[in-house]
Amino acid sequence: MPKHREDLDRVFHALSDPTRRALIERLVRGPASVSELARPFEMALPSLLQHLSVLERAGLVTSSKVGRVRTFQLAVEALTPGAEWIGRQRLPAERRLDRLGDFLTPDTTKEN
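For the record, in the sequence shown the residue sitting at position 79 is 79 according to the UniProt record's numbering, with numbers rising by one throughout.
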């Protein structure tokens, strides 16, 4: 399997979980420490760290550690391949729907 496909699989796998999507949504607002990210979730810290690890392996987030505080930030550019893939799938479908709409719409310019 080509590497870019494996990368895309990792991104979509990471985004398939609602907790990980919520973490991404929070990180859109800016970097946050693990404790800040954990606040809204009712789960053990090791479970949250597993979610962050999945996001980091997919390249969607990066982290840095200063002292005892680990901070995560969104890697915005990592979302681009997924968005491009979705766009490539959407365009042909939209064209088919446009053609269907043209077929189903009566042509009022023709005289009877």
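Think of the CB as a built atom: it goes at the ideal place given N, C-alpha and C, for glycine as much as any other residue.
Backbone secondary structure at residue i - three-state DSSP
i, result
"residue 63", "strand"
"residue 71", "strand"
"residue 53", "helix"
"residue 16", "coil"
"residue 32", "strand"
"residue 42", "coil"
"residue 106", "coil"
Nearest to residue i (by Cα), restricted to the options the options
i, options, result
"residue 68", "12, 22, 34", "34"
"residue 54", "9, 5, 107, 106", "9"
Contact check, residue i vs residue j, beta carbons under 8 Å
i, j, result
"residue 70", "residue 63", "yes"
"residue 5", "residue 14", "no"
Same chain only: Cβ atoms within 7 Å of residue i, ignoring 5 sequence neighbours per side
i, result
"residue 27", "61, 72, 73, 74"
"residue 31", "71, 72, 73"
Sequence-distant residues of its chain with Cβ nearer than 8 Å to residue i (five each side left out)
i, result
"residue 52", "23, 34, 37, 61, 63, 72"
"residue 17", "51, 54"
"residue 11", "58, 59, 60, 78, 79, 81, 82"
Item to complete: Check whether the stretch 39 to 46 touches the stretch 78 to 85, counting contact only when three or more Cβ pairs, one atom from each stretch, lie closer than 8 Å.
Response: no
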